[in-house]
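Asker:
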Amino acid sequence: MKKTLLLISAMVLTFTVSAQILETENFNALMVGNVGTVFDATTAGQGNFLTFSDNGAPATSTSNNAGNSNFQIASTGATTNSFDLTSPNAVGGVRFMWKDGGMGTQWAGRTVGNDVIELEYTFNTGAATTSRGNFGVRIYSAAGNATVGYGYNADTRVLNGIAYLNNGGTPGTFNINFAAGGLVLNQNTSYTIGCSYNTVTGEVLWKTDASTASAGLPNTLWITSQVPDELDFVSFASQADPNAMPATVANASASTVSFDTYQVKATATSNLLSTEEDQFNEISLKVYPNPTTDILNITSDTQQFTTVDIVDLNGRLIKSLEVDTNNVTANVQELKPGLYILNISNKEGTVSRKFIKE
54 MKKTLLLISA MVLTFTVSAQ ILETENFNAL MVGNVGTVFD ATTAGQGNFL
104 TFSDNGAPAT STSNNAGNSN FQIASTGATT NSFDLTSPNA VGGVRFMWKD
154 GGMGTQWAGR TVGNDVIELE YTFNTGAATT SRGNFGVRIY SAAGNATVGY
204 GYNADTRVLN GIAYLNNGGT PGTFNINFAA GGLVLNQNTS YTIGCSYNTV
254 TGEVLWKTDA STASAGLPNT LWITSQVPDE LDFVSFASQA DPNAMPATVA
304 NASASTVSFD TYQVKATATS NLLSTEEDQF NEISLKVYPN PTTDILNITS
354 DTQQFTTVDI VDLNGRLIKS LEVDTNNVTA NVQELKPGLY ILNISNKEGT
404 VSRKFIKE
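In terms of the numbering used here, the sequence shown opens at residue 54 and continues consecutively.
#1: In terms of alpha-carbon separation, which member of V190, N123, T346, I363 lies closest to S398?
#2: Pull up the distance between the alpha-carbon of L388 and that of T345, whole angstroms please.
#3: Sort N108, T200, D313 by Cα distance to A224 and report the nearest one.
#4: State yes or no: is the beta carbon of E375 nearer than 7 Å to at least one beta carbon in chain D?
#5: Can you give the Cα-Cα distance for V376 and I351, rounded to whole angstroms?
#6: Using the Cβ count rule (16 or more neighbours within 10 Å means buried), how would you classify V88?
#7: Measuring CB atoms only, is the region 287 to 294 touching the region 235 to 249, in the sense that at least three cross pairs come out at less than 8 Å?
#8: How would you label G255, buried or exposed, when you count the other beta carbons within 10 angstroms and need 16 or more for buried?
#9: For Y203, tell me which candidate among D313, S288, A143 has the shortest Cα-Cα distance.
#10: Report the residue ranges of all alpha helix (DSSP H) runs contained in full by the region 202 to 227; include only those spanning at least 4 residues, in chain order.
#11: When the Cα of N167 is compared with those of L103, T277, V253, G186, which residue comes out closest?
#12: Going by DSSP, which residues form a beta bridge with P281?
#13: Where P111 and R185 are concerned, what is the direct C-alpha to C-alpha distance, given to the nearest angstrom?
#14: Excluding sequence positions up to five away, which residues of its chain have a Cβ less than 8 Å from the Cβ of T129?
#15: Where N81 and G98 are concerned, what is the direct C-alpha to C-alpha distance, given to the nearest angstrom?
#16: How about L392 and I409: do their beta carbons lie closer than 7 Å?
#17: Using the C-alpha atoms, what's the distance from A72 back to C248?
#18: Distance check for I348 and Y174, CA to CA, integer angstroms please.
#19: Is the distance from the Cβ of V169 to the Cβ of T359 below 7 Å?
#20: Give me, in chain order, the residues of the same chain whose beta-carbon lies closer than 6 Å to that of I318; leave out the 5 immediate sequence neighbours on both sides.
#21: Is I336 buried or exposed, if buried means 16 or more other CB atoms sit within 10 Å of its CB?
#22: Taking the runs of the alpha helix (DSSP H) that are 4 residues or longer, which of them lie wholly in the region 116 to 171?
#23: Please confirm whether M219 and I276 have their CB atoms less than 7 Å apart.
#24: How long is the line joining the alpha carbons of V381 and T104, rounded to whole angstroms?
#25: Under 7 Å, do M423 and F102 count as touching if we go by C-beta distance?
#26: Please classify T17: does DSSP put it in a helix, a strand, or coil?
#27: Please tell me whether T322 and T403 are closer than 7 Å, where the distance is taken between their beta carbons.
#28: Taking N251 as the reference, which of G222, W160, T378, M84 has the closest Cα?
#29: So what's L370 in DSSP terms, helix, strand or just coil?
#30: What residue does the beta strand (DSSP E) around L392 start on, and which one ends it?
#31: Let's test the definition: count the other Cβ atoms within 10 Å of the Cβ of E283 and tell me whether it reaches 16, buried, or not, exposed.
#32: Below 8 Å CB to CB, which residues in the same chain sit around G179 once its five sequence neighbours on both sides are set aside?
#33: Mapping the DSSP letters down to three states, classify L274 as helix, strand or coil.
#34: If we call anything under 7 Å between Cβ atoms a contact, is L258 one with S264?
#35: Say the cut is 6 Å; is the CB of Q99 nearer than that to a heavy atom of the ligand ATP?
Structure representation (structure tokens):
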């Protein structure tokens with residue numbers, strides 16, 4: 054196995070790896086009405102979806118609307134449907150919906166090199182409401198952590214990123230703000246958004262508009278090697294927070310958000326909300342010599358690079374080059390012998406390559 058890996062790494066990498074669709078649904082083939090017949094996740098309903106809904110612990114919860122009707126297929130036109138998710142109507146309770154069996158098997162069988170998982174989906178924010186329901190879509194790891202995703206607050210219309218991160222040595226799930234005061238969306242408006250996680254480097258990215266660049270975080274926060282296992286639609290309701298600015302009250306009503314379509318892909322590089330012609334062209338990308346003792350060349354016949362980062366297998370940034378060229382020469386003579394990851398970026402995305410320093 055070790056010899057095989059070394060031989061592969063030594064090749065000049067001029068091939069492209071096609072993205073693979075792991076899971077997708079537009080709900081158009083499903084029947085209008087309840088998704089499932091039970092809401093305890095014991096039996097799959099329409100589209101092979103499992104649904105789970107509860108009102109929370111009686112001692113702390115005042116929610117009482119858990120049921121099959123929380124998960125609805127609704128008609129949006131002559132041939133189109135949406136999935137409508139309803140939040141708890143008070144404090145406490147959760148809603149989850151996911152494909153029976155998850156997508157762990159599909160991820161395990163992906164093409165070698167497709168180490169980035171991407172999620173893209175379209176949802177409608179709905180009408181103005183005082184409900185403090187929170188709605189999102191998340192990719193969960195095999196360990197049960199919310200690796201990457203989104204959360205949307207119905208009352209404030211603020212959209213947040215979700216990620217499992219390393220905060221000073223303590224891992225946990227965190228909300229990510231996209232703007233000062235929060236990214237506020239318009240009511241009754243459909244948005245197509247995306248996010249991705251690189252299982253090799255740990256990089257997490259979010260893209261809320263196809264015309265803007267993806268938003269990311271410092272690599273000191275990244276956690277590598279989380280194994281994607283399941284995509285979940287999620288909803289819950291917020292409790293009162295007297296320490297918030299301004300202070301918030303407890304949720305007292307339900308709200309509903311509509312989802313039109315979603316898709317999960319395994320790909321070699323993050324190309325969120327992009328068409329095929331927009332994507333980072335890997336066909337012309339060359340990294341050589343590999344292995345190397347001193348100089349590493351990164352070239353492309355068709356595209357300019359903006360950043361070239363070298364990180365070790367623990368995700369630590371070793372060297373970073375800000376460039377504006379299609380031909381980069383990196384001096385790696387000072388690096389200790391070993392295997393490193395090269396992150397090559399341009400305005401369309403990032404490609405990860407491994408190289409050996411001898």
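Even glycine gets a Cβ: it sits at the ideal position worked out from N, Cα and C. Since this is a predicted model, take the numbers as computed values, not measurements.
Answerer: Reading from the atomic positions:
#1: Of V190, N123, T346, I363, the residue nearest in Cα terms is I363.
#2: 11 Å
#3: The displayed chain sequence assigns Pro, not Ala, to residue 224. Closest option to P224, Cα to Cα, is T200.
#4: The question asks about chain D, but that chain is absent: this structure has only one protein chain.
#5: 11 Å
#6: Buried: at least 16 other Cβ atoms inside 10 Å.
#7: no
#8: Of the residues assessed, G255 falls on the buried side of the cut-off, its CB having 16 or more other CB atoms within 10 angstroms.
#9: S288
#10: none
#11: V253
#12: S194
#13: 19 Å
#14: S135, S311, D313
#15: 15 Å
#16: yes
#17: 15 Å
#18: 42 Å
#19: no
#20: One point to set straight first is that residue 318 is Lys, not Ile, in the sequence displayed. So the list reads A72, I74, E171, once near-sequence residues are dropped.
#21: Note that I336 scores a pLDDT of 46, beneath 50, so its modelled location is shaky and nothing firm can be said.
#22: 157 to 161
#23: The sequence as given places Asn at residue 219; Met does not occur at that position. Yes, the Cβ-Cβ distance between N219 and I276 is below 7 Å.
#24: Between the alpha carbons of V381 and T104 lies a gap of roughly 51 Å.
#25: Shown here, the chain extends from 54 to 411; a query on residue 423 therefore has no answer.
#26: Coverage of the chain is limited to positions 54 through 411, which leaves residue 17 absent and any answer about it impossible.
#27: yes
#28: W160
#29: L370: strand per DSSP, three-state reduction.
#30: 391 to 399
#31: buried
#32: A207, Q240, N241, S308, T309, V310, S311
#33: helix
#34: no
#35: Of the ligands one can find in the structure shown there are none, so the ligand ATP has no counterpart to examine.
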